[in-house]
Amino acid sequence: MLRGQSTGVATVVFKRAGTARKAVAKYNNAPIDGKRKTLKLELVVDPQQKSLAARITPNVIVNASSLRTRLQSKRVTRRAPVKPVKKAPKKVAKAKPKNHKKTVAELDQEMADYFANGQQQQ
1 MLRGQSTGVA
11 TVVFKRAGTA
21 RKAVAKYNNA
31 PIDGKRKTLK
41 LELVVDPQQK
51 SLAARITPNV
61 IVNASSLRTR
71 LQSKRVTRRA
81 PVKPVKKAPK
91 KVAKAKPKNH
101 KKTVAELDQE
111 MADYFANGQQ
121 QQ
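The opening position of the sequence shown corresponds to residue 1 in full-length UniProt numbering, with each subsequent residue numbered one higher.
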């Protein structure tokens, strides 16, 4: 912030360095909205990123004899097939006794007993 006003800073990342250079050349010190204020651009290059050629390793040429020995050693180290494990038999759960449906008379009797006990405790 400059004198309590926003400076309007933005960061733009370009994929190619050439495109970034062109943008800086074209828009640096360009007027903003036709007024006295101008754009101030700064080009920052990331020195940490290696070039593509440095990141790619060349293919190693393998001779046929070493390839054959490698394949033969893989054949020797194969394991015997795994036999399936037998599962234990499932335990049969005992059937729960079914609750019989109460009649209207039984429900009325339970309600009367409940209210009678509540009045006795008070």
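The C-beta atom is built at its ideal place from N, Cα and C for all residues, glycine as well.
Taken atom to atom, the span from the alpha-carbon of Ala25 to that of Arg16 is near 15 Å. Taking a contact as a CB-CB distance under 8 Å, the pair Thr19 and Ala30 does not count as one, their CB atoms being some 17 Å apart. In the DSSP secondary-structure assignment, Thr38 is bridged to Pro31. Secondary structure note for Gln120: its alpha helix (DSSP H) is the uninterrupted segment Val104 to Gln121. The three-state reading of DSSP puts Lys22 in helix, counting H, G and I together.
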